[in-house]
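Scroll down for the structure; my scribbles are underneath it.
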Amino acid sequence: MTKRQANKTKHDTANDKSELPSLSKQLLELHLKHELECFNSDRFIELCDSETEFLLKAVGEIHLNKFVSAKQIKQVIYENVVSSSIPGAIAEVAGEAADTLFTSKKHQETLLNQIISKKDFEEFIDKALELKEQRNKGIDKVIELPIYAELISGILYQAILRYIYESNLISKNIPGVSSMLKMGRNVVSKAAPKIGSGVEESVKSFIIDSLDFILDESKKFLEGSVSDEQLRDSAMELWEAIENKPMSEFQQGMDSLDLSEFIALGYDFWLKFRKTDYFISSYETIVDYFFKRYGRKNLDVLLEEFDVSKDRIIAPIKIFAPKALEAFKENGILEELLRRHLEDFYNSQTVIDLLD
Numbered sequence: 169m170t171k172r173q174a175n176k177t178k179h180d181t182a183n184d185k186s187e188l189p190s191l192s193k194q195l196l197e198l199h200l201k202h203e204l205e206c207f208n209s210d211r212f213i214e215l216c217d218s219e220t221e222f223l224l225k226a227v228g229e230i231h232l233n234k235f236v237s238a239k240q241i242k243q244v245i246y247e248n249v250v251s252s253s254i255p256g257a258i259a260e261v262a263g264e265a266a267d268t269l270f271t272s273k274k275h276q277e278t279l280l281n282q283i284i285s286k287k288d289f290e291e292f293i294d295k296a297l298e299l300k301e302q303r304n305k306g307i308d309k310v311i312e313l314p315i316y317a318e319l320i321s322g323i324l325y326q327a328i329l330r331y332i333y334e335s336n337l338i339s340k341n342i343p344g345v346s347s348m349l350k351m352g353r354n355v356v357s358k359a360a361p362k363i364g365s366g367v368e369e370s371v372k373s374f375i376i377d378s379l380d381f382i383l384d385e386s387k388k389f390l391e392g393s394v395s396d397e398q399l400r401d402s403a404m405e406l407w408e409a410i411e412n413k414p415m416s417e418f419q420q421g422m423d424s425l426d427l428s429e430f431i432a433l434g435y436d437f438w439l440k441f442r443k444t445d446y447f448i449s450s451y452e453t454i455v456d457y458f459f460k461r462y463g464r465k466n467l468d469v470l471l472e473e474f475d476v477s478k479d480r481i482i483a484p485i486k487i488f489a490p491k492a493l494e495a496f497k498e499n500g501i502l503e504e505l506l507r508r509h510l511e512d513f514y515n516s517q518t519v520i521d522l523l524d
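For the sequence shown, counting from 1, position 208 maps to 376 in our numbering; every step adds exactly one.
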């Protein structure tokens with residue numbers, strides 16, 4: 169007898185109002201034995217198979233709206249996704265699991281092209297290139313960023329100064345510089361800072377005055393001069409440079425702490441995002457759409473379109489049921505559940521009077 173069965177016996181002794189009549193008790197034990205035999209793994213799977221087939225046929229002619237409403241689905245989503253508290257252990261386990269994965273030998277040694285093929289990458293690029301309007305809007309937004317203006321200004325500044333100095337434009341255009349060059353390096357070294365300072369200020373002033381024009385030309389170049397083929401070639405060159413690199417190389421510079429912090433940031437974001445009007449409106453819109461499409465249709469139409477068949481339902485039962493049933497039997501859980509369910513019937517006054 170298991171510990172659970174022993175505790176149950178004590179519970180029954182303390183709480184039974186009266187001992188079951190002999191015949192009623194015998195019937196209970198026979199019925200219990202019959203039910204337990206049905207929970208043999210093979211018989212249980214056969215039962216699930218036949219009952220699933222029956223249920224799928226039985227409900228096939230019934231509309232989805234007869235079983236559940238859009239309002240009920242929304243309520244379930246709200247209670248379980250939006251308003252319910254999320255245990256902190258979820259973020260902790262997610263972080264540790266991600267760290268275990270990213271530090272595993274298999275992950276570290278896997279090449280990028282073993283995860284995504286060249287063909288898949290090309291298809292993504294081709295699809296992205298079709299979105300020209302979105303691409304141009306994205307370019308506009310990037311060009312409007314202050315950091316882009318600073319980047320362009322910095323590049324132009326360095327390029328112009330380099331051109332001026334390396335082309336010896338100072339010596340050609342500033343009176344006296346050519347003579348100073350002849351006087352020797354020491355004299356030029358003393359004079360150059362003042363000359364250079366003046367040139368640099370002039371260049372800065374020129375760039376500031378011309379920045380709007382430069383940014384506008386930059387925009388025109390990116391939108392009009394760079395063809396889809398050039399962008400595609402650049403993307404494929406990038407792919408060729410990284411496709412044979414292992415995942416460990418992409419993770420260089422990021423340790424377990426960084427990964428855990430990203431998980432925590434994602435977790436905190438989700439806690440806030442799920443309560444936003446946008447998220448709530450999004451799932452409600454999807455639920456309404458789903459019921460508008462399928463609510464008045466028979467369930468067999470819905471099941472067929474989503475490929476919900478008897479075999480797909482039974483497959484996971486075949487995987488999980490045997491071990492679960494064995495555990496329930498060994499611990500006496502299954503017998504206790506069945507006995508509690510059947511005992512109410514055999515202990516009812518109606519059955520006792522009938523058997524008396």
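All C-beta atoms in this analysis are idealised placements derived from N, C-alpha and C, irrespective of residue type, glycine included.
Since the structure is predicted, the reported quantities are computational estimates derived from the model, not experimental observations.
- Judged by pairs of C-beta atoms under 8 Å, the region 279-298 touches the region 394-401, as three or more such pairs exist.
- The three-state secondary structure of residue 208, taken from DSSP, is coil.
- Taking all protein chains in view, the Cβ of residue 503 is crowded by 16 or more other Cβ atoms within 10 Å, so the residue is classified as buried.
- One alpha carbon belongs to residue 241, the other to residue 455, and they sit about 7 Å apart.
- Restricting attention to 209, 303, 191, 465, the CA atom closest to the CA of residue 394 is found in 303.
- For residue 249, the CB contacts under 7 Å within the same chain, skipping 5 residues up- and downstream, are 442 in chain order.
- Following the DSSP letters along the chain, one finds residue 490 inside the alpha helix (DSSP H) bounded by residues 478-498.
- With 16 or more neighbouring CB atoms inside 10 Å of its own CB, residue 431 falls in the buried class.
- The beta carbons of residue 195 and residue 506 sit no closer together than 9 Å.
- Per the DSSP secondary-structure output, residue 414 pairs in a beta bridge with 279.
- For residue 423, there is no enclosing alpha helix (DSSP H), as DSSP marks it with neither H nor E.
- Between residue 415 and residue 270, the CB-CB gap stays under 9 Å.
- For residue 233, the three-state secondary structure derived from DSSP is helix.
- The beta-carbon separation of residue 232 and residue 457, rounded to 13 Å, does not stay under the 8 Å limit for a contact.
- Between residue 220 and residue 487, the C-beta gap is not smaller than 9 Å, which leaves the two residues out of contact.
- Note on geometry: alpha-carbon atoms of residue 228 and residue 247 lie some 29 Å from one another.
- Looking at the backbone, the Cα of residue 212 and that of residue 222 are separated by about 15 Å.
- Shortest Cα-Cα distance from residue 279 to any of 491, 450, 413 involves 413.
- Residue 392 and residue 422 have their C-alpha atoms some 38 Å from each other.
- Looking at the backbone, the Cα of residue 272 and that of residue 436 are separated by about 26 Å.
- Of the candidates 452, 234, 375, 495, 375 places its Cα closest to the Cα of residue 322.
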